[in-house]
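Quick note on the numbering used here: the sequence shown kicks off at 1 and runs consecutively.
Structure first, commentary second.
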Amino acid sequence: MDNSLSSSLIGQRKIRLEKLSKLRELGINPYPSKSERDIQIGEIKEDFEKHKGMIHTVVGRVTGWRTHGKLIFADIKDQTGSIQIILKSDWLEKNLTEGYLEWDTLELLDLADFIEVGGEIGKSKSGEISVLAKSIKLLAKSLRPIPRKLSNKEQKFRRRYLDLVINTDRVKLFERKAKFWEIQRGFLKKEGFLEVEVPVLEVVTGGADAKPFLTHHNALDIDLYLRISTELYQKRLIGGGFEKIYTFGPNFRNEGMDDEHLQEFYDIEWYWAYANYRDNMELVKKLFLEIAQQLYGKTKFTTRGHTFDLADEWKEIDFTQVIKENFNIDIFDDSDEKILSALKEKGVEIEGEINRNRMIDNMWKVIRATILGPAFLVNHPMFVSPLAKAREDDSRLTERFQVIIAGSELGNGYSEINDPQDQLSRFVNQQKLREKGDEEAQMLDIDFVEMLEYGMPPTSGYGQSERVFWFLEDVSGREGTIFPQMRTELEESTKRIYEDILPKAKKK
Numbered sequence: 001m002d003n004s005l006s007s008s009l010i011g012q013r014k015i016r017l018e019k020l021s022k023l024r025e026l027g028i029n030p031y032p033s034k035s036e037r038d039i040q041i042g043e044i045k046e047d048f049e050k051h052k053g054m055i056h057t058v059v060g061r062v063t064g065w066r067t068h069g070k071l072i073f074a075d076i077k078d079q080t081g082s083i084q085i086i087l088k089s090d091w092l093e094k095n096l097t098e099g100y101l102e103w104d105t106l107e108l109l110d111l112a113d114f115i116e117v118g119g120e121i122g123k124s125k126s127g128e129i130s131v132l133a134k135s136i137k138l139l140a141k142s143l144r145p146i147p148r149k150l151s152n153k154e155q156k157f158r159r160r161y162l163d164l165v166i167n168t169d170r171v172k173l174f175e176r177k178a179k180f181w182e183i184q185r186g187f188l189k190k191e192g193f194l195e196v197e198v199p200v201l202e203v204v205t206g207g208a209d210a211k212p213f214l215t216h217h218n219a220l221d222i223d224l225y226l227r228i229s230t231e232l233y234q235k236r237l238i239g240g241g242f243e244k245i246y247t248f249g250p251n252f253r254n255e256g257m258d259d260e261h262l263q264e265f266y267d268i269e270w271y272w273a274y275a276n277y278r279d280n281m282e283l284v285k286k287l288f289l290e291i292a293q294q295l296y297g298k299t300k301f302t303t304r305g306h307t308f309d310l311a312d313e314w315k316e317i318d319f320t321q322v323i324k325e326n327f328n329i330d331i332f333d334d335s336d337e338k339i340l341s342a343l344k345e346k347g348v349e350i351e352g353e354i355n356r357n358r359m360i361d362n363m364w365k366v367i368r369a370t371i372l373g374p375a376f377l378v379n380h381p382m383f384v385s386p387l388a389k390a391r392e393d394d395s396r397l398t399e400r401f402q403v404i405i406a407g408s409e410l411g412n413g414y415s416e417i418n419d420p421q422d423q424l425s426r427f428v429n430q431q432k433l434r435e436k437g438d439e440e441a442q443m444l445d446i447d448f449v450e451m452l453e454y455g456m457p458p459t460s461g462y463g464q465s466e467r468v469f470w471f472l473e474d475v476s477g478r479e480g481t482i483f484p485q486m487r488t489e490l491e492e493s494t495k496r497i498y499e500d501i502l503p504k505a506k507k508k
């Protein structure tokens with residue numbers, strides 16, 4: 001194997017292409033469709049005594065290659081771990097079926113190639129668990145070497161496939177993310193919830209304060225929105241007779257990007273008939289503890305400079321009172337001018353349309369940043385909660401709660417409105433805000449109001465996104481997403497290699 005680095009990636013690629021050509025000339029398929037693997041590397045490493053002396057076939061990417069005369073030491077890695085391969089010229093079996101490499105063709109292999117190795121499980125003289133190779137088969141020829149590191153932070157998002165190869169801890173991160181969702185689905189199943197699917201493309205979108213993405217359906221010749229939430233369709237199903245349901249999948253919000261927000265994110269959201277927001281608050285506490293204990297084996301975490309313990313008592317924060325205490329503002333009686341002045345005194349700049357809802361929300365965000373949690377924010381005013389049921393003892397407030405941890409909102413739930421006239425009035429008020437330029441205000445969904453007129457039982461809903469995972473891991477949204485959306489940018493060598501094929505726009 002040639003370990004020398006040429007002066008450029010293009011030069012190294014040319015050398016590998018020459019090797020590829022030689023392999024084909026020898027009748028060796030460098031990209032066969034099948035492997036004979038019978039065990040993963042991790043299984044061998046976890047229980048060596050069980051597999052010692054046995055003949056096994058392992059596969060993986062070549063990550064190391066050291067030649068000592070007629071002896072070669074190599075390392076290969078699959079998803080479960082790495083193992084040393086020991087090759088000796090007289091160990092390789094002769095006259096194997098087509099596709100297997102002989103000693104004098106091993107030089108055609110390179111670091112980053114995928115190979116299959118069959119042999120006895122044993123240890124080297126230094127005591128390292130190894131495969132004493134009897135057969136080597138090329139599974140995929142790599143035409144580019146794997147870099148030692150990525151040049152900048154953006155590269156790990158653009159070329160996540162390289163980031164995963166270079167940084168194996170990132171593979172573990174996304175394995176935990178898969179389990180994060182698996183735990184939640186298992187929890188809801190135990191609690192009697194049924195997973196359902198609802199549309200991603202909607203004529204009218206709603207269920208959150210967010211600007212949607214717009215697309216066009218050619219066959220129907222209509223514009224559609226990518227959903228910002230699964231709420232309104234799930235509640236249609238509750239009206240149709242389902243009692244405990246949830247959805248899992250992506251939502252899309254055409255908003256700004258930061259460490260806590262991405263335009264495409266995964267979410268789990270459920271609706272529970274004959275329950276109210278207090279019932280849901282208890283269920284949410286149980287879910288958070290189950291995630292913490294099953295996934296991490298602990299309940300105490302530090303993230304964004306905040307330390308919190310999910311096993312602590314979840315305190316309740318009153319929305320109106322906490323703003324009064326911090327800003328000396330009565331959110332119901334004080335004027336818009338006074339509210340705006342209080343914000344300016346704190347140096348808060350409001351983006352987009354300035355209205356009472358946005359100003360009050362920004363006041364809360366200033367306070368929220370200081371809260372460790374775990375806590376529930378309760379007693380939201382009706383004007384910032386267009387889909388939450390009003391409290392019976394004070395119609396200005398709603399039966400809503402938000403999960404507050406480490407200075408952020410990690411979940412949202414409430415008792416759902418099932419009074420069609422009340423819901424229509426809220427929609428109309430939101431529509432007026434949209435007409436004044438607030439692109440995040442709720443849309444008027446008459447079809448949903450029609451459903452409510454047929455009747456929907458008392459219901460409570462709750463949703464939380466992958467932001468919970470980002471916080472428990474203390475990573476940003478992009479770090480915690482396998483392929484975060486970014487502007488297209490080709491690597492310079494790729495532009496040069498394919499300059500005759502790429503459209504001019506792609507070369508820039």
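Glycine included, C-beta positions come from ideal geometry on N, C-alpha and C.
Small disclaimer: the values here were computed from a predicted structure and weren't measured.
When burial is assigned at 16 or more other CB atoms within 10 Å of the CB, is S130 buried or exposed? Counting from 1 along the sequence shown, the entry for residue 130 is found at position 130. With 16 or more other Cβ atoms within 10 Å, it is buried.
In or out: R227 buried (at least 16 other Cβ within 10 Å) or exposed? Taking the sequence shown and counting its residues from 1, the one referred to as residue 227 is at position 227. Burial call: buried.
What are the boundary residues of the beta strand (DSSP E) that includes V59? Here residue 59 is taken as the residue at index 59 of the sequence shown, counted from 1. V59 -> beta strand (DSSP E) spans 55 to 68.
Which residues in the same chain have their Cβ closer than 8 Å to the Cβ of I183, if we skip the five residues on either side of it in sequence? Here residue 183 corresponds to residue number 183 of the sequence shown, with the count starting at 1. Correct list, in chain order: E290, I291, Q294, L295.
Helix, strand or coil, according to DSSP, for T494 in the structure here? Counted from its first residue, the sequence shown places residue 494 at position 494. Of the three classes helix, strand and coil, the one that applies to T494 here is helix, per DSSP.
If I measure Cβ to Cβ from G81 and keep anything under 7 Å in the same chain, skipping five residues before and after, which residues do I get? By 1-based counting over the sequence shown, the position of residue 81 is 81. Same-chain partners within the cutoff: I41, G42, K45.
Label H216 either buried or exposed according to how many other C-beta atoms from any shown protein chain fall within 10 Å of its C-beta, with 16 as the threshold for buried. Your numbering for residue 216 matches position 216 in the sequence shown. Exposed, because fewer than 16 other Cβ atoms sit within 10 Å of the Cβ of H216.
Straight-line CA distance for N276 to I245? Translated into positions along the sequence shown, residue 276 becomes position 276. Translated into positions along the sequence shown, residue 245 becomes position 245. In a straight line, the C-alpha of N276 is about 15 Å away from that of I245.
With three or more beta-carbon pairs closer than 8 Å as the criterion, would you say the region 459 to 471 touches the region 403 to 416? Yes, they touch.
Give every residue of the same chain whose Cβ lies closer than 7 Å to the Cβ of T205, excluding the five residues on either side of it in the sequence, and list them in chain order. On the sequence shown, residue 205 is found 205 positions in, with the first residue counted as 1. For T205, where only same-chain residues beyond five positions count, the Cβ hits under 7 Å are P212, Y225, R227, I228, M443.
Verify whether the separation of the beta carbon atoms of I350 and N362 is less than 9 Å. Position 350 of the sequence shown, counting from 1, holds the residue named residue 350. Position 362 of the sequence shown, counting from 1, holds the residue named residue 362. Yes, Cβ-Cβ distance for I350 and N362 is below 9 Å.
In whole angstroms, give me the CA-to-CA distance for N326 and L377. Residue mapping note: residue 326 aligns to position 326 of the sequence shown, counting from 1. Residue mapping note: residue 377 aligns to position 377 of the sequence shown, counting from 1. About 15 Å.
Quick check: what's the CA-CA separation for Q79 versus M382? If you number the sequence shown from 1, residue 79 lands on position 79. If you number the sequence shown from 1, residue 382 lands on position 382. Distance between the alpha carbons of Q79 and M382: 50 Å.
For L173, which option in S476, M486, R496 has the closest C-alpha, if you only look at C-alpha atoms? Here the question's residue 173 lines up with position 173 in the sequence shown. For L173, the nearest C-alpha among the options comes from S476.
Distance, L109 Cα to K19 Cα: In the sequence shown, the residue the question calls residue 19 occupies position 19. In the sequence shown, the residue the question calls residue 109 occupies position 109. Near 8 Å, if we compare the C-alpha coordinates of L109 and K19.
Beta carbon of R253 nearer than 9 Å to that of Q263: Here residue 253 corresponds to residue number 253 of the sequence shown, with the count starting at 1. Here residue 263 corresponds to residue number 263 of the sequence shown, with the count starting at 1. Yes; because the gap between Cβ atoms is below 9 Å, this pair is in contact.
Range of the contiguous beta strand (DSSP E) that encloses G461: Position 461 of the sequence shown holds residue 461. Looking at the DSSP string, the run of the beta strand (DSSP E) that includes G461 is 459 to 465.
Residue from I85, R66, K125, K34 whose Cα sits closest to the Cα of G99: Here residue 99 refers to the residue found at position 99 of the sequence shown. Answer by Cα proximity: K34.
Given a cut-off of 9 Å, decide if E282 and A519 are closer than it, judged by their beta-carbon atoms. Residue 519 is absent from the model: the chain starts at 1 and stops at 508.
Measuring CB atoms only, is the region 482 to 496 touching the region 145 to 160, in the sense that at least three cross pairs come out at less than 8 Å? yes
Delimiting residues of the alpha helix (DSSP H) encompassing Y161: As a working note, residue 161 is residue 161 in the sequence shown. Element bounds for Y161: 160 to 166.
Jot down the residue ranges of each uninterrupted beta strand (DSSP E) in the region 226 to 287, minimum 3 residues, whole runs only, in chain order. Here the runs fully enclosed are 244 to 252, 264 to 273.
Please list, in chain order, all residues of the same chain as D2 whose beta carbon is under 6 Å from its beta carbon, the five residues on each side excluded. As a first step, residue 2 must be located in the sequence shown, where it is residue number 2. Because the pLDDT at D2 is just 45, under 50, the model does not fix this residue reliably, and the value given afterwards should be weighed accordingly. Correct list: empty, nothing qualifies.
Over what stretch of residues does the alpha helix (DSSP H) that includes R24 continue unbroken? If you number the sequence shown from 1, residue 24 lands on position 24. R24 -> alpha helix (DSSP H) spans 9 to 25.
Please classify V62 as buried or exposed, where buried requires at least 16 other C-beta atoms within 10 Å of its C-beta. For the purposes of this step, residue 62 is taken as residue 62 along the sequence shown, with counting starting at 1. Flag for V62 reads buried.
Where are the beta strand (DSSP E) runs, 3 residues long or more, that stay fully inside the region 78 to 136, in chain order? 81 to 88, 114 to 123
Local conformation of D333 per DSSP, three classes: In the sequence shown, residue 333 corresponds to position 333, counting from 1. Here D333 sits in coil by DSSP.
Just the Cα atoms here: how many angstroms apart are S142 and E439? The residue labelled residue 142 in the question sits at position 142 within the sequence shown. The residue labelled residue 439 in the question sits at position 439 within the sequence shown. Roughly 48 Å separates the two Cα atoms.
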